[in-house]
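First comes the structure, then the notes that go with it.
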Amino acid sequence: MTEFAHGLTTGAVARRLGVAPTTLRSWDRRYGIGPAAREDGRHRRWTPEDVAVLHEMCRLTSSGIPPAEAARAALAGPAPAPPTPPAPPTEGEPLPRPARRPGSGNGLPLGAVRQECRGLGRAAVRLDAWAVDDMLASVIAQYGLVTAWEEVMAPTLHAVGRKWETSGDRYVEVEHLLSWHVSSALRRAAGPPPSGSRAGVPPVLLACVPGEQHTLALEALAAGLAELGLPTLMFGPAVPPEALDQAVRRTGPAAVVLWSQARSTANPPLARHVADTVWGVRGARARPAVLPAGPGWAGQSFAPGTLRPGGLRDALALLRGLCDAVAAGQS
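Numbering-wise (full-length UniProt numbering), the sequence shown opens with residue 1 and increments by one.
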């Protein structure tokens with residue numbers, strides 16, 4: 001006897017699809033996507049055909065299509081194969097902006113964003129880990145790491161964070177799930193550390209200032225540097241000043257990126273100390289370039305010539321130039 005012999009319960013279908021039972025009941029009530037048969041006129045029992053429609057509903061909403069439109073398409077059955085799409089834009093070009101659609105990622109404050117953000121937001125709110133992972137891999141492969149981060153991942157993460165801040169204890173699990181999968185996607189995109197492409201070039205040191213726990217923007221930068229073949233040392237969240245000082249002296253980096261997400265964690269004295277750190281033999285001492293990065297540094301005063309990247313694309317361009325200059329000086 002198969003599991004579908006008497007149909008599946010709503011709870012069993014919800015577990016299969018990775019969605020909440022309340023979501024299935026809402027889709028049934030609002031859009032008519034429900035079980036064909038009900039046992040004793042009360043209990044829902046889902047057939048394989050019903051579950052296939054739900055699969056299609058999940059796929060369409062995860063791609064950013066509003067639920068009402070997705071429901072009509074799912075109930076209508078498979079659509080004919082679409083024409084071959086145009087070639088995707090090269091790295092650096094913006095994503096194509098679709099026509100504005102009403103609604104957002106299940107109540108997330110997304111605003112005027114790309115359709116992919118809405119789909120990613122809906123999948124995250126549903127705790128649909130498979131769909132989140134699949135969408136992240138898809139946007140990176142299609143549009144490149146930088147565009148995927150700046151126009152899909154970061155806006156969705158910000159929306160989830162704002163929703164959490166304004167909803168009490170709700171949505172914490174959504175932020176944690178989305179952050180984990182974004183981090184995993186970035187590390188997959190980075191691949192193994194580069195070894196031979198820029199041999200002899202000092203590394204770029206990436207660290208959060210003391211008290212700062214947000215690392216995803218640094219992980220995106222690490223992945224972008226890996227694509228350029230530039231060596232990096234990622235030290236992650238809340239690096240103590242003493243540990244940062246030792247890391248700089250031991251590795252002699254070409255540049256140090258200090259990330260601060262909030263103004264409460266920005267530490268200008270630490271940035272100045274790192275910029276003044278020297279190493280090497282007498283007569284050939286060197287200092288790192290220091291890049292204060294992140295919104296926490298806004299409004300802070302820095303020494304003339306301090307580089308303040310405006311985003312991931314800008315940071316990669318600055319760091320590539322710095323590493324090229326160091327390599328030229330060593331040749």
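Glycine is no exception: its CB is placed at the ideal position from the N, C-alpha and C atoms.
Could you tell me which of the options sits nearest to residue i, measuring between CA atoms?
i, options, result
"M135", "T147, L120, A74, P67", "L120"
"E242", "L230, A207, A254, R15", "A207"
"V239", "L230, G211, A217", "G211"
"C117", "L127, A129, H158", "H158"
"V209", "R250, L258, A222", "L258"
"S260", "L270, V278, L178, E151", "L270"
"G218", "L312, A255, R25, L230", "Reading off the sequence, residue 218 comes out as Leu, not Gly. It is L312 whose Cα lies nearest to the Cα of L218."
"V274", "A255, A262, R285", "A255"
"P48", "Q142, L8, V174", "L8"
"G329", "V172, A286, T277", "A286"
"P237", "L230, L216, G252", "L216"
"P192", "G224, H181, V182", "G224"
"residue 332", "R272, D324, P295", "With the chain represented from 1 up to 331, any question about residue 332 goes unanswered, as that position is not in the structure."
"H214", "L307, P295, R45, D50", "P295"
Enumerate in chain order the residues of its own chain whose CB-to-CB distance from residue i is below 7 Å, with the five nearest sequence positions on each side excluded.
i, result
"P309", "L291, A293, A315, L318"
"E227", "L145"
"residue 332", "Here the chain covers residues 1 to 331 and nothing more, so residue 332 does not appear."
"G321", "none"
"A325", "none"
"A262", "G296"
"V182", "L136, M153, L157, L216"
Check the C-beta distance from residue i over to residue j and give it rounded, since I have them as a contact under 8 Å.
i, j, result
"A327", "V201", "5 Å"
"D128", "C58", "7 Å"
"A71", "W27", "7 Å"
"P67", "Y31", "7 Å"
"L24", "A14", "6 Å"
"L230", "V204", "6 Å"
Near residue i, which residues of its chain fall below 6 Å by C-beta distance, leaving aside the five closest residues on each side in sequence?
i, result
"Q300", "A266, P268"
"G34", "D28"
"W297", "S260, A266"
"V139", "E116, A148, V152"
"A289", "A255, L322"
"residue 356", "Look at the range of the chain in this structure, 1 to 331, and you will see that residue 356 is not part of it."
Considering only residues of the same chain and omitting the five flanking positions on each side of residue i, which have a CB-CB separation below 8 Å?
i, result
"A222", "L186, A190, L206, T232, M234"
"L178", "L120, A124, V132, T156, L157, V160"
"V174", "A124, V125, L127, V160, K163, W164"
"V278", "R285, A286, R287"
"T251", "P202, P203, L205, L233"
"A137", "A185, R188"
Answer yes or no: does any C-beta atom of chain C fall closer than 9 Å to that of residue i?
i, result
"E242", "The displayed structure is made up of one protein chain only, and chain C is not part of it."
| task | Please go through the UniProt domain "B12-binding" (201 to 329) and give each complete beta strand (DSSP E) segment of 3 or more residues, from N-terminal end onward. | result | Within the UniProt domain "B12-binding" (201 to 329), the runs of beta strand (DSSP E) that reach at least 3 residues and sit entirely inside it are, in chain order, 204 to 208, 232 to 234, 255 to 259, 289 to 293.
| With a cut-off of 8 Å, do at least 3 Cβ pairs link the region 49 to 67 to the region 15 to 28? | As far as the Cβ criterion goes, the region 49 to 67 touches the region 15 to 28, which means the pair count is three or higher.
| field | Those runs of the beta strand (DSSP E) which lie wholly inside the UniProt domain "HTH merR-type" (7 to 76) and span at least 3 residues | value | Within the UniProt domain "HTH merR-type" (7 to 76), complete beta strand (DSSP E) segments of at least 3 residues are found at 37 to 39, 43 to 45, given in chain order.
| In chain order, which continuous runs of the alpha helix (DSSP H) of length 4 or greater are located wholly inside the region 131 to 159? | Taken in chain order, the complete alpha helix (DSSP H) segments of 4 or more residues contained in the region 131 to 159 are 145 to 148.
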